[in-house]
Amino acid sequence: MRGVVTGSFMRGADGAFMLGAVLRVAELRSLVRRTGASADAPAAASMGLADLLDLLEDRALSSQAPAGSLAPGTSLLGSIEHAWEELAGPCVRLSTAGLAVAERVQLLFFLTPGQGLAQFLLRDLGTLRYPSYRVWRTGPVFTCTAQLHQYEAALALEIELQGHLEANELAAAWATVEPLLQALECGLPVADPTEDAPKPEAEAPPPVPFLGRFRAEWVHARLVTHGVSLLEKRREYRRAVAVLRRLLAAPWCPDKRGNWWSRLSLDLEHLGSKEAALRAAETGLDDPAVRWGDRVGLQRRVVRLAKPPRRWRKPSFAGAVSQQPKQTTIQGRPMNCEVGRKSRFMGHDDETCTVEELALQHYAQEGGWEGIHSEGSIFSTLFTLLMWDVLFQDVPDVFLTPFQTGPMDVGTDMFRAARQEAVELRLSQLREPGMAVELLTRCWETNFGVMCRGMKWEVVPLPELCKIATCIGATGLATICSILVDGHGGGGSGMPDLLLWREEPAPMVKLVEVKGPNDTLAEHQRAWITSLEMAGLDVEVCKVEIPSSQVKKRRKKS
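Dropping the structure here:
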C-alpha cells in the first residue's frame, strides 16, 4: 500500500481520486504521457507539480481527449483513473472528519504539533533513535474535551500569526491578534500589579506548572505578547500598558514575566511617567519568576531611573550592573552595508568574512588561539553529555511519550528541585579534575547518535570536546552546568559568540562576545559575562570598528 492519502484530490464525473498527495512528479509526467493529455502540452517534461496537476485536472473535468489519443469508447477520465491506480497501487483516503480525528489523536499522543505516525516507522527502522527513559504520567494533560479544543484553536491561531509576522504582513498580523487584545480588555477590570489592589481572578494553572504550556491561555499569552509589540509600533503605549498589566496579573508563561515587566516600565516612561516606570521596574525585581538577563535589565533600568528626587539612595546592585566588561577593539573594513543583511568584512586572508570570522582571525594571529563561532552550542553540548543521567532520571510527568528529546521541565525552576540529590552529586563530580573527560567519553560512546535536545553530534568530535573541557577547567564547567540546570541561561541564549582555547603554555579558554560597529550588549549577554567572570573564566568583548578614513568616505557619499 502506497500510504494514507491526506492531500489535495481531483473530482471527476465518476468520483474522486487522489493525485498530488500520492504520485511523485516523475510519475505524474508518466501519467500525462500515458493518457495522451500531453498533446496540448509539449513542455510537460519540464512542468512542476502544480502545473502538471492543473493540466490533468483540466482534462479530467472536460472529459475530452486530444484527437486520436485514446482508443474508441475510452473516456479520458477513465483512462487517467486507470493509469493512476496502476502507478499508485492500493491507497486509503481519509475523509475530512476522519483526518481531523487522526490529527487529534496524534496531538494527544505526541503533544507536539508536527510529530506524527512517521516517528513510529523511522524509530522501528533505526533511522531515529530516542533516549531511554520511563514514560510516567500521573494524570491527564487535558482534563476535558473543551480544554483540548481550545488549545487546538489557539495553536492554529498562533501558526496563522507567525506566518503573517514572518512575511512582514503587519496589517494581517494585527487583524489576527486584535480580537484577543479586545477580549482581554473587555474582561475583568485591569489591576495594577505595582499597587496593593485586588488582582483579577484567573483560571488556575494545572497541578504541574510546566504543563501549563498545553493550555489555550498559555498560547494566548504568547500571542498577546506579539500584540503588545504591534501596539508599541503603533505608539499606543497607554493601551500596551493596560494589556501588560493584565498579563502580569495572570499565572501564564512565567518565563515571559521579566520581559513584560521591562516593557511595562519602558512604556510608562514613553507616557512620561518616570515614577511609575521606576516603580514597575522595582516591583519586577521582587517577582521570583524574573531571573537572569531580564533581572539584569530591570536592575539597569532602576539604576538609570532612581535619581533624586525619585530616589535618594543608590540600590545595592548599582556598582555591579554598571561595571563594563573588558573590551578589545579591532579594525574591520566593511564590504557591504545593505539593510537587512549581515555585514561582511575584508578578512586577513583578503577574502570576505563575517564579523565573527574576522575576530577569529584576529585571535589566531595575535594569541595563537584555536576557536569556533559557537554562540553557546558547545556549552549546550557539554551540558547535555555531562548531565545525561540527570536529564533522563525517573521523574513524574516530565516524560509523557516515548518520542521526546528531553524532559518537559528542563529550563524551569522545577528541574533542580525534582532531582536535587542527583544534580548536586554530578556537580561535585565535575569539580574533580579529569572527571569531566571521563563522563564525556562514557556518555558519547553509549549514546552517540541518539536524538537529544541540545546535542549536535557531528559538529565537534569527541577528542576536541575533551580538549575544550580540559581548557575550561573543573570549576568553570561545574559553574556553567549549574547555571543551565536552573534554566537561567535560557538554554545558552546570550552566551559569548566565540569559544577560544589553547593548551600552551597552560590549558585555558577565552570567551568573546563580538560586536559590530553599531551593536550593543543585550542584557542576557551581560548576565552571562558577569557569571562566567565570577567562575574565573577569561571573558571579553571584541568591538569591530570601521577605520576613520572609511567613515569619512561614507559620510561624503551620504
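For the record, in the sequence shown the residue sitting at position 123 is 123 according to UniProt numbering, with numbers rising by one throughout. Here a beta-carbon is modelled for each residue, glycine too, at the ideal position from N, C-alpha and C.
Please go through the same chain and pick out, in chain order, the residues whose beta-carbon is closer than 8 Å to the beta-carbon of residue i, but skip the five residues on each side of it.
i      : result
PRO193 : Interpretation of PRO193 is limited by its pLDDT of 49, a score under 50 that renders its predicted location unreliable; no figure is taken from the coordinates.
ARG333 : PHE345, MET346, ILE546, PRO547, GLN550
GLN365 : HIS348
SER132 : PHE392
VAL460 : ILE372, ILE378, THR381, ILE468
HIS226 : LEU161, LEU165, ALA173, VAL177
GLY340 : Residue confidence for GLY340 is low, a pLDDT of 49 falling below 50, so the modelled location carries little weight and cannot support an answer.
Residues in its own chain within less than 6 Å of residue i by CB, not counting five upstream and five downstream?
i      : result
ILE480 : PHE379
LEU271 : TYR237
PHE415 : ASP409
Quickly, what does DSSP pair residue i with across the bridge? List them, please.
i      : result
PHE345 : PRO334, CYS353
HIS220 : Per DSSP, none; premise fails for HIS220.
LEU500 : GLY371, LYS510
LEU530 : As written in the sequence, residue 530 is Thr, which differs from the Leu given in the question. Beta-bridge pairing links THR530 to no other residue.
ARG239 : Partner(s): none; ARG239 has no beta bridge.
GLU160 : Note: GLU160 sits in no beta bridge, so no partner.
ASP538 : LYS510
In chain order, what residues of the same chain lie with their CB nearer than 7 Å to the CB of residue i, ignoring the 5 residues before and after it?
i      : result
GLN150 : ALA216
LEU223 : LEU157, GLU158, LEU161, VAL177, LEU180
CYS452 : PRO131, THR384, THR405, GLY406
PRO72  : For PRO72, the pLDDT reaches just 48, beneath the cut-off of 50, and the residue's location in the model is therefore unreliable, leaving the point undetermined.
SER322 : VAL303
ALA276 : LEU268
GLU375 : MET495, ASP497
LEU305 : LYS274, ALA277, LEU278, ALA281
What does the alpha-carbon distance come out to for the pair residue i and residue j?
i      : j      : result
MET1   : VAL22  : Because MET1 carries a pLDDT of 45, less than 50, the predicted location of this residue cannot be relied on, and no value is offered for it.
GLY411 : ARG291 : 12 Å
TRP457 : THR138 : 33 Å
ALA65  : GLU86  : Caution is warranted here: a pLDDT of 47 is assigned to ALA65, below 50, making its placement in the model unreliable, and the coordinate value is therefore given only provisionally. C-alpha separation (whole angstroms): 20 Å.
LEU157 : ARG313 : 48 Å
PRO179 : ARG300 : 35 Å
LEU537 : ALA418 : 30 Å
PHE175 : VAL241 : What sits at residue 175 in the sequence shown is Ala, not Phe. Spanning the two alpha carbons is a distance of roughly 20 Å.
GLN331 : GLY516 : 10 Å
VAL512 : THR475 : 19 Å
ASP267 : HIS373 : 36 Å
GLY368 : GLY454 : 29 Å
PRO251 : ARG431 : 38 Å
ALA478 : LEU484 : 10 Å
ALA422 : MET408 : 18 Å
ARG93  : LEU117 : 16 Å
PRO396 : LEU52  : 52 Å
VAL208 : LEU400 : 13 Å
ALA183 : HIS220 : 11 Å
ARG33  : PHE210 : 56 Å
ARG310 : GLU351 : 54 Å
LYS274 : LEU298 : 14 Å
GLY114 : LEU107 : 9 Å
GLY126 : GLU503 : 39 Å
TRP444 : ASP413 : 28 Å
TYR363 : PHE317 : 33 Å
LYS307 : GLU523 : 21 Å
GLY48  : VAL25  : 7 Å
ARG442 : GLU424 : 20 Å
**Asked** Pairing CB atoms from the region 454-474 with CB atoms from the region 524-531, are three or more of them under 8 Å?
**Response** no
**Asked** Touch check for the region 433-442 and the region 165-173: three-plus C-beta pairs under 8 Å?
**Response** no
**Request:** Would you mind listing the beta strand (DSSP E) stretches within the region 441-470 that are 3+ residues and don't spill past its ends, in chain order?
**Result:** none
**Message:** Which runs of the alpha helix (DSSP H) at least 4 residues long sit entirely within the region 353-437? Give them in chain order.
**Reply:** 355-367, 377-386, 388-391, 414-418, 420-430
**Prompt:** In chain order, which alpha helix (DSSP H) runs of at least 4 residues are fully inside the region 233-320?
**Reply:** 237-248, 257-270, 274-285, 292-305
**Request:** Output the residue ranges of the alpha helix (DSSP H) runs that lie fully inside the region 72-152 and measure 4 residues or longer, sorted by chain position.
**Result:** 76-88, 96-110, 118-125
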